[in-house]
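Peer 1: The listed protein sequences derive, respectively, from chains A and B.
Heads up: the first sequence runs through residues 1 to 199, numbered per this note's numbering.
Heads up: the second sequence runs through residues 200 to 470, numbered per this note's numbering.
C-beta: ideal position from N, C-alpha, C; glycine also.
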Amino acid sequence: MVFRRRPPPPDGPAPDAAGNSDGFAQEALSYVDSLYGTALRLTRRPADAEDLVQETYLKAFRASGQFERGTNLKAWLFTILHNSFRNMRRHDVRNPVEVNSETVDGAVDVVALDQNPEQLLSRATLDADLQAALDALPDAFRQAVWLRDVEEFSYAEIARMIETPIGTVMSRISRGRRLLYEKLAGTRVGAGGRRRDVL
Amino acid sequence: MPNCQEIERALAAYAEGASAAADRHQVEAHLQACPACRSRVTAERNACELLRARRTELRGCAPEALRRRCAAQRAAPALAPVPARRPWVPLSLAASLVFAAGLLVMFGLGGSVETYAAQLAVDHMKCFQFPPDGNADVTVMGEQWRAANGWPLRIAPSEKAEGLELIGSRRCGSTRGRVAHMLYRWRGQPLSVYVLNSRIKDSAENTPNTDATLAHDHADHADHAEAYEGVRKFGVEEIIWEHGGRTYTVVAQAPDPELRRVARYVRRLTH
Numbered sequence: 001m002v003f004r005r006r007p008p009p010p011d012g013p014a015p016d017a018a019g020n021s022d023g024f025a026q027e028a029l030s031y032v033d034s035l036y037g038t039a040l041r042l043t044r045r046p047a048d049a050e051d052l053v054q055e056t057y058l059k060a061f062r063a064s065g066q067f068e069r070g071t072n073l074k075a076w077l078f079t080i081l082h083n084s085f086r087n088m089r090r091h092d093v094r095n096p097v098e099v100n101s102e103t104v105d106g107a108v109d110v111v112a113l114d115q116n117p118e119q120l121l122s123r124a125t126l127d128a129d130l131q132a133a134l135d136a137l138p139d140a141f142r143q144a145v146w147l148r149d150v151e152e153f154s155y156a157e158i159a160r161m162i163e164t165p166i167g168t169v170m171s172r173i174s175r176g177r178r179l180l181y182e183k184l185a186g187t188r189v190g191a192g193g194r195r196r197d198v199l
Numbered sequence: 200m201p202n203c204q205e206i207e208r209a210l211a212a213y214a215e216g217a218s219a220a221a222d223r224h225q226v227e228a229h230l231q232a233c234p235a236c237r238s239r240v241t242a243e244r245n246a247c248e249l250l251r252a253r254r255t256e257l258r259g260c261a262p263e264a265l266r267r268r269c270a271a272q273r274a275a276p277a278l279a280p281v282p283a284r285r286p287w288v289p290l291s292l293a294a295s296l297v298f299a300a301g302l303l304v305m306f307g308l309g310g311s312v313e314t315y316a317a318q319l320a321v322d323h324m325k326c327f328q329f330p331p332d333g334n335a336d337v338t339v340m341g342e343q344w345r346a347a348n349g350w351p352l353r354i355a356p357s358e359k360a361e362g363l364e365l366i367g368s369r370r371c372g373s374t375r376g377r378v379a380h381m382l383y384r385w386r387g388q389p390l391s392v393y394v395l396n397s398r399i400k401d402s403a404e405n406t407p408n409t410d411a412t413l414a415h416d417h418a419d420h421a422d423h424a425e426a427y428e429g430v431r432k433f434g435v436e437e438i439i440w441e442h443g444g445r446t447y448t449v450v451a452q453a454p455d456p457e458l459r460r461v462a463r464y465v466r467r468l469t470h
């Protein structure tokens, strides 16, 4: 792999040790909340998520010369984050990589469709329920849905990030959303006896 | 007309209202004839709208300390040919990192002193590029460590007579957080103290290399010179010893005898 340092723009801000301009660093650092939120969903451990985000920035600043100005910096950082996460998982025997596509094959019959999002939003406990339902999704589906609906990446960007064909990404998003909704609806029904667990 | 399986990939974009016209017509034709897929689209659309409405709350905020540490990494040198600005980092840093990463894959946390020492040497070189912030109160740091990691940690404070200044502590990234890392400045140079909450051979995930594991028999003799193992890795010296079921390591770029003196100070204050 060849790393090339690009010269700073003639009238641009002074670069730091790695040649990062202020603009690059400021924009990169503005995504720390997104990166941390995503890292938490990936690792499920705050301390591991912090390590992952810190490693992402270290790599990003050191390899900033590889970033093509004018392209999506946020997507570039997320790609580094996911690559680092895959390495972390490979090295960590506590966390074998799970891709459980079959789990939701039978989960397409939705329990309750009688509440729209506004009605669900009115519930005081929604955020906690939503977090719990997200956390309960199989990793592959949670990751795809999160990157699309929370972080607003395109299907193509997600496919590159997680090294998965775009058709599979679309399918995972579709199934993940349905499964999420079913879990929320099931939570709503609660102790009334109509709840159907699908996992 | 496409069947349910064939239409599935188009549902995500359709539920968002982001389909191209041709795809939209195809999906709508299918939905007219398929109640099951109509239910699926409704559920998917609801979930999508819900997630997007709660985007900010779901994303949350990064801890302030993490924000500062990330910003501090701007100072990291580029991966391109690195000018020799940092005297304690060997020129072969990149090669060392690659080599150590290979060791990590092969041995996990390590089955031998050699492997463990390699991991710590790499972490020592990495961590001083972005030292931890916060206070250096050893009691507070010890309590924070216990709360976060579930085992008590005694930290040797700064000591003028030794020329030792405590900078802070953190989890060691190169061992996936299983080791406590205390960072010091010693005679103007970086010095690390690591504590692993087990013996090296106990933490090994593979068959340990018994020839290379430490001589535990000496470990309880606090001032016995043979209790300390001296290892040189990637240009730094390491003094390793075990006590009370834990493994302690002092790392710096310094002659072995001088580092042993620091090791004895650390041992006196932490055991």
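Is Glu243/B close to chain A? Criterion is C-beta to C-beta, closer than 7 Å.
Peer 2: The count along the second sequence starts at 1 and reaches residue 243/B at position 44. Yes, Glu243/B counts as interfacial toward chain A.
Peer 1: Give the residues from the stretch 67-78 of chain A that approach chain B closer than 9 Å (Cβ to any Cβ), ordered along the chain.
Peer 2: Cβ contacts with chain B: none found.
Peer 1: Using alpha carbons as the reference points, say which of Arg253/B, Arg370/B, Val449/B, Arg268/B lies closest to Trp344/B.
Peer 2: Counting from one through the second sequence, the residue named residue 344/B turns up at place 145. Selected option, being the one with the closest Cα: Arg370/B.
Peer 1: In the structure shown, what three-state DSSP assignment does Ser397/B receive?
Peer 2: Translated into positions along the second sequence, residue 397/B becomes position 198. Coil, per DSSP.
Peer 1: Output, in sequence order along the chain, the residues in the stretch 247-271 of chain B whose CB is closer than 8 Å to any CB in chain A.
Peer 2: Within the stretch 247-271 of chain B, contact with chain A at the beta-carbon level (separation under 8 Å) is assigned to Cys247, Glu248, Leu249, Leu250, Arg251, Ala252, Arg253, Arg254, Glu256, Leu257, Arg258, Gly259, Cys260, Ala261, Pro262, Leu265, Arg266, Arg268, Cys269, Ala270.
Peer 1: Which residue marks the beginning of the alpha helix (DSSP H) containing Glu50/A, and which one marks its end?
Peer 2: Here the question's residue 50/A lines up with position 50 in the first sequence. Its alpha helix (DSSP H) spans residues 46-62.
Peer 1: May I ask you to list, following chain order, the residues of the stretch 214-237 of chain B that have a beta carbon less than 8 Å from some beta carbon of chain A?
Peer 2: Ala214, Ala235
Peer 1: When you compare the CB of Ala355/B with every CB in chain A, is at least one pair closer than 7 Å?
Peer 2: Here residue 355/B refers to the residue found at position 156 when the second sequence is read from its first residue. Not an interface residue.
Peer 1: Taking 7 Å as the CB-CB limit, is Arg178/A close to chain B?
Peer 2: Indexing the first sequence from 1 puts residue 178/A at position 178. With 7 Å as the cut-off, Arg178/A counts as an interface residue toward chain B.
Peer 1: Taking the C-alpha atoms as reference points, what is the distance between Thr469/B and Lys359/B?
Peer 2: In the second sequence, counting from the first residue as 1, residue 469/B sits at position 270. In the second sequence, counting from the first residue as 1, residue 359/B sits at position 160. Spanning the two alpha carbons is a distance of roughly 17 Å.
Peer 1: Using a beta-carbon distance below 7 Å, is Ala320/B in contact with chain A?
Peer 2: Position 121 of the second sequence holds residue 320/B. No, its Cβ sits nowhere closer than 7 Å to a Cβ of chain A.
Peer 1: Would the beta-carbon of Ile80/A fall within 7 Å of that of Thr56/A?
Peer 2: Counting from 1 along the first sequence, the entry for residue 80/A is found at position 80. Counting from 1 along the first sequence, the entry for residue 56/A is found at position 56. Yes, these two residues count as a Cβ contact at 7 Å.
Peer 1: Does the pairing of the stretch 254-269 of chain B with the stretch 215-230 of chain B give three or more beta-carbon distances under 8 Å?
Peer 2: Because the criterion of three Cβ pairs below 8 Å is not met, the stretch 254-269 of chain B and the stretch 215-230 of chain B do not touch.
Peer 1: For Arg239/B versus Ala25/A, is the C-beta spacing smaller than 7 Å?
Peer 2: Residue numbering aside, residue 239/B sits at position 40 when the second sequence is read from its first letter. Residue numbering aside, residue 25/A sits at position 25 when the first sequence is read from its first letter. No; because the gap between Cβ atoms is not below 7 Å, this pair is not in contact.
Peer 1: List the endpoints of the continuous alpha helix (DSSP H) containing Arg244/B.
Peer 2: By 1-based counting over the second sequence, the position of residue 244/B is 45. Going by DSSP, Arg244/B is part of the alpha helix (DSSP H) stretching over 234-252.
Peer 1: Using the DSSP secondary-structure output, state which residues sit across from Met161/A in a beta bridge.
Peer 2: Counting from one through the first sequence, the residue named residue 161/A turns up at place 161. Beta-bridge pairing links Met161/A to no other residue.
Peer 1: Would a check of beta-carbon distances place Gly167/A closer than 7 Å to chain B?
Peer 2: On the first sequence, position 167 is the one that residue 167/A refers to. Yes, Gly167/A lies at the interface with chain B (some Cβ there is under 7 Å from its Cβ).
Peer 1: Could you give the DSSP three-state label for Thr448/B: helix, strand or coil?
Peer 2: What you label residue 448/B is simply residue 249 of the second sequence in a count that begins at 1. Three-state DSSP puts Thr448/B in a strand.
Peer 1: Could you tell me which of Gln66/A, Ser84/A, Gly37/A, Ser64/A sits nearest to Leu52/A, measuring between CA atoms?
Peer 2: As a working note, residue 52/A is residue 52 in the first sequence. Ranking the options by Cα distance to Leu52/A, first place goes to Ser84/A.
Peer 1: Quick check: is the beta carbon of Val104/A nearer than 7 Å to any beta carbon in chain B?
Peer 2: Here residue 104/A corresponds to residue number 104 of the first sequence, with the count starting at 1. A caution first: Val104/A carries a pLDDT of 39, below 50, which makes its placement in the model unreliable, though a value can still be read off. No, Val104/A lies away from the interface with chain B (no Cβ there is under 7 Å from its Cβ).
Peer 1: Looking at Arg386/B: is its Cβ nearer than 7 Å to the Cβ of Ile366/B?
Peer 2: Indexing the second sequence from 1 puts residue 386/B at position 187. Indexing the second sequence from 1 puts residue 366/B at position 167. No, the pair does not count as a contact, with Cβ atoms beyond the cut-off.
Peer 1: Could you give the distance in angstroms between the alpha-carbon of Cys326/B and the alpha-carbon of Asp33/A?
Peer 2: Within the second sequence, residue 326/B is the residue found at index 127, counting from 1. Within the first sequence, residue 33/A is the residue found at index 33, counting from 1. Asp33/A has its alpha-carbon roughly 22 Å from the corresponding atom of Cys326/B.
Peer 1: On the premise that Ile158/A lies in contact with Val169/A, defined as a C-beta separation below 8 Å, what is that separation, rounded to the nearest angstrom?
Peer 2: To locate residue 169/A, count along the first sequence from 1; it is residue 169. To locate residue 158/A, count along the first sequence from 1; it is residue 158. Yes, Val169/A and Ile158/A are in contact; Cβ-Cβ is about 5 Å, under 8 Å.
Peer 1: Given a threshold of 16 other Cβ atoms within 10 Å of its Cβ, counted over all protein chains shown, does Asp322/B qualify as buried or as exposed?
Peer 2: If you number the second sequence from 1, residue 322/B lands on position 123. Asp322/B should be labelled buried.
Peer 1: Please state the DSSP three-state secondary structure of Ile354/B.
Peer 2: What you label residue 354/B is simply residue 155 of the second sequence in a count that begins at 1. Ile354/B falls in the coil class under three-state DSSP.
Peer 1: Roughly how far, in whole angstroms, is the beta-carbon of Glu441/B from the beta-carbon of Val450/B, given that I think they are within contact range, below 8 Å?
Peer 2: Here residue 441/B corresponds to residue number 242 of the second sequence, with the count starting at 1. Here residue 450/B corresponds to residue number 251 of the second sequence, with the count starting at 1. That pair is no contact at about 16 Å.
Peer 1: Between Val339/B and Tyr181/A, what straight-line distance do the alpha-carbon atoms span, to the nearest angstrom?
Peer 2: Within the second sequence, the letter at position 140 stands for residue 339/B. Within the first sequence, the letter at position 181 stands for residue 181/A. Between the C-alpha atoms of Val339/B and Tyr181/A there is a straight-line separation of about 44 Å.
Peer 1: Can you confirm whether Arg369/B, when its beta carbon is compared against all beta carbons of chain A, has any partner nearer than 7 Å?
Peer 2: Residue numbering aside, residue 369/B sits at position 170 when the second sequence is read from its first letter. No, its Cβ sits nowhere closer than 7 Å to a Cβ of chain A.
Peer 1: With a Cβ-Cβ cutoff of 7 Å, do Ala133/A and Leu184/A count as a contact?
Peer 2: If you number the first sequence from 1, residue 133/A lands on position 133. If you number the first sequence from 1, residue 184/A lands on position 184. In contact: Ala133/A and Leu184/A (Cβ atoms closer than 7 Å).
Peer 1: So for Arg273/B, helix, strand or coil by DSSP?
Peer 2: Taking the first residue of the second sequence as 1, we reach residue 273/B at position 74. Arg273/B: helix per DSSP, three-state reduction.
Peer 1: For Ala211/B, return the contacting residues in chain A, with the cut-off set at a CB-CB distance below 7 Å.
Peer 2: In the second sequence, residue 211/B corresponds to position 12, counting from 1. Chain A residues near Ala211/B: Met170, Ile173, Ser174.
Peer 1: Name the chain A residues that come within less than 9 Å of Glu205/B, Cβ to Cβ?
Peer 2: Indexing the second sequence from 1 puts residue 205/B at position 6. Here the premise fails: no neighbours, minimum Cβ distance about 11 Å.
Peer 1: Below 8 Å on the Cβ atoms is my contact criterion, and I expect Val337/B with Ile439/B to pass it. Report the Cβ-Cβ distance as a whole number of Å.
Peer 2: Position 138 of the second sequence, counting from 1, holds the residue named residue 337/B. Position 240 of the second sequence, counting from 1, holds the residue named residue 439/B. Val337/B to Ile439/B, Cβ: 22 Å. No contact.
Peer 1: Should Leu58/A be flagged as near chain B, meaning a C-beta pair shorter than 7 Å?
Peer 2: Start at 1 with the first residue of the first sequence, and residue 58/A comes out as number 58. Yes - at least one Cβ of chain B is within 7 Å of the one on Leu58/A.
Peer 1: Using the three-state DSSP reduction, which class does Arg377/B fall into: helix, strand or coil?
Peer 2: Here residue 377/B refers to the residue found at position 178 of the second sequence. Three-state DSSP puts Arg377/B in coil, outside helix and strand.
Peer 1: Going by alpha carbons, who is nearest to Tyr36/A out of Leu29/A, Ser30/A, Ala49/A, Phe67/A?
Peer 2: Indexing the first sequence from 1 puts residue 36/A at position 36. Taking only the C-alpha atoms, the option nearest Tyr36/A is Ala49/A.
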